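Visitor: One line per chain: the protein sequences are A and B, in this order. Residue numbers for the first sequence follow our numbering, so the first one is 1 and each next one is one higher. Residue numbers for the second sequence follow our numbering, so the first one is 1 and each next one is one higher. The C-beta atom is built at its ideal place from N, Cα and C for all residues, glycine as well. What you are looking at is a predicted structure, and each value in this text was computed from that prediction instead of being measured.
Protein chains: 2
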Amino acid sequence: MFSKQQQKYVQSLQIKKYRQEHQRFLVEGAKSVQELLNSDLEIELLLCTPKFYAENEKKLEKISVEQISQAELEKNGTLQSNDAALAVVKMRHNAPLTAEKDEFVLVLDDIRDPGNFGTILRIADWYGIKKVICSDSTVDFYNPKVIAASMGSFTRIKIYYTELSKYFERLIKKGNIEIIGTFLDSENVHHFQFPSSGYIVLGNESNGIGESVEKLITKKITIPRFGEAESLNVGIATAIVLDNFRRRE
Amino acid sequence: MFSKQQQKYVQSLQIKKYRQEHQRFLVEGAKSVQELLNSDLEIELLLCTPKFYAENEKKLEKISVEQISQAELEKNGTLQSNDAALAVVKMRHNAPLTAEKDEFVLVLDDIRDPGNFGTILRIADWYGIKKVICSDSTVDFYNPKVIAASMGSFTRIKIYYTELSKYFERLIKKGNIEIIGTFLDSENVHHFQFPSSGYIVLGNESNGIGESVEKLITKKITIPRFGEAESLNVGIATAIVLDNFRRRE
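Listed below in structure tokens is the structure:
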């Protein structure tokens with residue numbers, strides 16, 4: 001039985017404070033829960049409709065499952081429409097992340113919109129980026145809207161939150177690193193020679209990369225404009241930079 | 001005075017049926033209305049706060065303006081928050097569009113999400129695309145969410161709705177044309193040589209390009225994947241195709 005106490009617990013995980021207290025987060029909807037079941041993330045509790053249960057029975061053997069109605073799923077989760085499943089999942093504890101030899105790490109400085117962040121995770125995953133470092137001011141990775149917008153990519157990307165400029169300063173002390181950032185009026189990304197490893201920084205939706213991080217950028221690049229739109233969305237910018245990065249291969 | 005009858009009229013334009021009946025649409029918010037004032041689109045009525053009026057007085061001389069409160073703007077428009085302006089604008093009557101020499105036209109087959117459509121218009125505008133042809137099933141260009149998401153690019157892009165396969169068949173009869181579409185497992189867009197002019201087709205969010213249009217595609221391209229995400233959002237795909245298209249320049 002799905003008790004009142006459990007309901008209160010599940011609903012509390014919609015809020016960051018309680019996610020952090022319990023070190024648990026919510027994964028909702030058929031696509032995201034399917035990806036979750038194929039990952040190594042640990043599921044504490046799965047709520048699902050009898051239909052979802054029947055379709056996925058083999059994968060659910062070792063999981064604590066409660067079968068509930070679509071209406072109950074929607075009442076306890078954040079999705080307007082959810083006829084499949086909702087999972088309570090244990091957070092991973094990621095250690096500080098760094099770029100290995102021949103690896104690029106994506107760095108997000110103050111991304112505020114959960115939809116943008118989730119989209120960026122999906123794009124990073126498409127382009128084979130496995131690590132994302134976020135400023136402390138970046139929206140919570142475990143926000144249900146981020147998880148939903150990532151379309152399952154939250155299962156494959158490692159995340160680390162930190163104060164970016166201090167973090168980079170410590171890395172720089174240990175040896176040369178390349179920190180690439182997108183700006184206006186810098187080197188055209190179409191002609192830019194990406195180094196073999198490093199960090200690609202994307203900045204806030206309105207203000208771009210903050211001053212304290214900008215000082216540490218070693219290579220400034222620009223997405224060339226051929227028409228009249230004033231700017232590109234940060235998700236679009238991420239995709240174009242990563243597509244250009246991968247062309248060299 | 002902003003009469004009850006005017007209120008009813010403005011509110012009715014949130015709905016496609018009434019937009020078509022009156023051949024008018026709504027433009028809301030500071031950024032979009034600013035872009036509108038810099039365009040050649042004809043404004044029938046501008047509702048704005050005294051603050052917006054004071055800041056833009058010179059541009060408003062020849063326009064019928066009513067100054068109203070933020071609360072009234074929000075009551076009569078679709079934006080949750082609007083402390084600037086709302087305009088009632090005459091639709092343009094676009095003739096059938098075709099690709100000129102050295103020109104590419106973007107073609108949208110059954111794009112359903114207004115946010116995606118608006119984002120695509122913004123990207124098209126960034127990459128200097130001036131014409132977009134849409135299947136009849138594509139969401140209404142004049143939907144307030146499309147206008148908002150286009151971030152002003154709705155003022156610079158010409159739109160034409162039609163039954164795509166018949167439209168292309170008529171063009172093909174008149175002479176050779178190149179119709180490029182994105183598919184899985186086709187030629188890598190990183191190595192694809194774009195022709196000098198033609199049509200770039202993007203398909204529905206879930207199902208891609210429809211069969212009747214697919215038959216007419218002359219060049220199939222693929223955005224290469226380096227990681228594990230299953231797919232890219234259609235706005236992201238548009239940006240990557242157009243960025244690759246513009247590299248040749």
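Given that a residue counts as buried once 16 or more other Cβ atoms are within 10 Å of its Cβ, and exposed if not, what is N233(A)?
Guide: Here residue 233(A) refers to the residue found at position 233 when the first sequence is read from its first residue. With 16 or more Cβ atoms within 10 Å of its Cβ, N233(A) is classed as buried.
Visitor: Going straight from the alpha carbon of L285(A) to that of I43(B), what length do you get?
Guide: The structure shown does not extend to residue 285(A), since chain A is modelled only from 1 through 249, so no value can be given for it.
Visitor: Where C134(B) and L242(B) are concerned, what is the direct C-alpha to C-alpha distance, given to the nearest angstrom?
Guide: Along the second sequence, one-based indexing puts residue 134(B) at 134. Along the second sequence, one-based indexing puts residue 242(B) at 242. Their Cα atoms are separated by approximately 17 Å.
Visitor: In chain order, what residues of the same chain have a beta carbon less than 7 Å from the beta carbon of I159(A), not counting five sequence neighbours either side?
Guide: Along the first sequence, read from residue 1 onward, the residue named residue 159(A) stands at position 159. So the qualifying residues of the chain are N94, V132, C134, F141.
Visitor: Can you confirm whether L36(B), when its beta carbon is compared against all beta carbons of chain A, has any partner nearer than 7 Å?
Guide: Counting from one through the second sequence, the residue named residue 36(B) turns up at place 36. The beta carbon of L36(B) does not come within 7 Å of any beta carbon belonging to chain A, so the residue lies off that interface.
Visitor: So that I know if they touch, is there some Cβ in chain A lying closer than 7 Å to that of E228(B)?
Guide: Position 228 of the second sequence holds residue 228(B). Yes - at least one Cβ of chain A is within 7 Å of the one on E228(B).
Visitor: Give the C-beta separation of T138(B) and D102(B) to the nearest angstrom, bearing in mind that I take them to be a contact with Cβ-Cβ under 8 Å.
Guide: By one-based count along the second sequence, residue 138(B) stands at place 138. By one-based count along the second sequence, residue 102(B) stands at place 102. About 26 Å; that fails the 8 Å criterion.
Visitor: Name the chain B residues whose beta carbon is nearer than 8 Å to that of I129(A)?
Guide: Locating residue 129(A) in the first sequence gives position 129, counting from the first residue. Under the 8 Å cutoff, chain B gives G227.
Visitor: Among the candidates H191(A), Y167(A), I179(A), whose CA atom is the shortest distance from the CA of F104(A)?
Guide: By one-based count along the first sequence, residue 104(A) stands at place 104. With respect to the C-alpha of F104(A), the residue from H191(A), Y167(A), I179(A) having the closest C-alpha is I179(A).
Visitor: For chain A, find out if any of its Cβ atoms is closer than 7 Å to the Cβ of D102(B); answer yes or no.
Guide: Position 102 of the second sequence, counting from 1, holds the residue named residue 102(B). Not an interface residue.
Visitor: Residues of chain A with CB closer than 7 Å to the CB of D243(B), please, in chain order.
Guide: As a first step, residue 243(B) must be located in the second sequence, where it is residue number 243. What D243(B) touches in chain A: I240, D243.
Visitor: What residues from the region 95-125 of chain A come within 8 Å of chain B, judged by C-beta to C-beta, listed N to C?
Guide: T119, R122, I123, A124, D125
Visitor: Using DSSP's beta-bridge definition, name the partner residues of N188(A).
Guide: As a working note, residue 188(A) is residue 188 in the first sequence. DSSP lists T222(A) as partners of N188(A).
Visitor: Using DSSP bridges, identify the partner residues of N204(A).
Guide: Start at 1 with the first residue of the first sequence, and residue 204(A) comes out as number 204. Note: N204(A) sits in a beta bridge opposite G208(A).
Visitor: In the DSSP assignment, find the unbroken alpha helix (DSSP H) run with K131(A) in it and report its ends.
Guide: Looking up residue 131(A) in the first sequence gives position 131. First-last for K131(A): 131-135, but that is the beta strand (DSSP E), not the alpha helix (DSSP H).
Visitor: Using 7 Å as the threshold, is the C-beta distance between I68(A) and L46(A) below it?
Guide: Numbered from its first residue, the first sequence carries residue 68(A) at position 68. Numbered from its first residue, the first sequence carries residue 46(A) at position 46. Cβ distance not < 7 Å, so I68(A) and L46(A) don't count as in contact.
Visitor: Using 10 angstroms around the beta-carbon of P195(B), count the other beta-carbons present and answer buried if the total reaches 16, otherwise exposed.
Guide: Residue numbering aside, residue 195(B) sits at position 195 when the second sequence is read from its first letter. P195(B) should be labelled exposed.
Visitor: Which residues in chain B have a C-beta closer than 8 Å to the C-beta of N207(A)? List them in chain order.
Guide: Counting from 1 along the first sequence, the entry for residue 207(A) is found at position 207. The contacting residues do not exist; N207(A) stays about 16 Å from chain B at best.
Visitor: Hey, out of R246(A), K220(A), S186(A), R112(A), whose CA is closest to S206(A)'s CA?
Guide: Working through the first sequence from its first residue, we reach residue 206(A) at position 206. Closest option to S206(A), Cα to Cα, is R112(A).
Visitor: Please determine if the region 215-231 of chain A and the region 214-227 of chain B are in contact, where contact requires at least 3 C-beta pairs separated by less than 8 Å.
Guide: No, they do not touch.
Visitor: Measuring only the C-alpha atoms, how far is Y167(A) from I217(A)?
Guide: Locating residue 167(A) in the first sequence gives position 167, counting from the first residue. Locating residue 217(A) in the first sequence gives position 217, counting from the first residue. One C-alpha to the other measures close to 13 Å.
Visitor: What does a CB cutoff of less than 8 Å around N82(B) pick up in its chain, not counting 5 residues either side in sequence?
Guide: Taking the first residue of the second sequence as position 1, residue 82(B) is located at position 82. Here the set comprises E28, G29, Q70, L73, E74.
Visitor: Going along the chain, which residues of the region 135-161 of chain A sit with their C-beta nearer than 8 Å to a C-beta in chain B?
Guide: M151, G152, S153, R156
Visitor: Please name the residue in G77(A), T238(A), E100(A), I209(A) whose C-alpha comes closest to that of S165(A).
Guide: What you label residue 165(A) is simply residue 165 of the first sequence in a count that begins at 1. Of G77(A), T238(A), E100(A), I209(A), the residue nearest in Cα terms is I209(A).
Visitor: Which residue comes first and which comes last in the alpha helix (DSSP H) that contains E330(A)?
Guide: Outside the shown range of chain A (1 to 249) lies residue 330(A), about which nothing can therefore be said.
Visitor: Between Q23(B) and the rest of its own chain, which residues show a CB-CB distance below 7 Å, the 5 nearest in sequence each way excluded?
Guide: Looking up residue 23(B) in the second sequence gives position 23. Result list for Q23(B): K90, M91, in chain order.
Visitor: Please report the distance separating the alpha-carbon of Y199(A) from that of A54(A).
Guide: In the first sequence, residue 199(A) corresponds to position 199, counting from 1. In the first sequence, residue 54(A) corresponds to position 54, counting from 1. So the two alpha carbons sit approximately 44 Å from each other.
Visitor: Which one of F2(A), F192(A), A229(A), Q6(A) has the shortest CA to CA distance from T49(A)?
Guide: Taking the first sequence and counting its residues from 1, one reaches residue 49(A) at position 49. The shortest C-alpha separation from T49(A) is found at F2(A).
Visitor: Please look up how many angstroms separate the CB atoms of K254(B) and I157(B), rounded, as I've assumed it's under 8 Å.
Guide: This structure gives no information on residue 254(B), because the portion of chain B shown stretches from 1 to 249.
Visitor: Counting only runs that start and end within the region 92-130 of chain B, where is the alpha helix (DSSP H) found for 4 or more residues in a row?
Guide: 114-126
Visitor: First and last residue of the alpha helix (DSSP H) that includes Q34(B)?
Guide: Residue numbering aside, residue 34(B) sits at position 34 when the second sequence is read from its first letter. 30-37 is the extent of the alpha helix (DSSP H) around Q34(B).
Visitor: V213(B) by DSSP, collapsed to three states: which one?
Guide: Along the second sequence, read from residue 1 onward, the residue named residue 213(B) stands at position 213. Helix.
Visitor: Distance check for S153(B) and A237(A), CA to CA, integer angstroms please.
Guide: Here residue 237(A) refers to the residue found at position 237 of the first sequence. Here residue 153(B) refers to the residue found at position 153 of the second sequence. Cα to Cα, the separation comes out at about 17 Å.
Visitor: Would I133(A) pass as an interface residue toward chain B - the criterion being a Cβ-Cβ separation below 7 Å?
Guide: Within the first sequence, the letter at position 133 stands for residue 133(A). No, I133(A) does not count as interfacial toward chain B.
Visitor: Thinking C-beta only, is N76(A) closer than 7 Å to Q14(A)?
Guide: Numbered from its first residue, the first sequence carries residue 14(A) at position 14. Numbered from its first residue, the first sequence carries residue 76(A) at position 76. No, Cβ-Cβ distance for Q14(A) and N76(A) is not below 7 Å.
Visitor: Is it right to say E35(B) is buried, meaning 16 or more other beta carbons lie within 10 angstroms of its own, or is it exposed?
Guide: Against the second sequence, residue 35(B) aligns to sequence position 35. It is buried - the Cβ of E35(B) has at least 16 other Cβ atoms within 10 Å.
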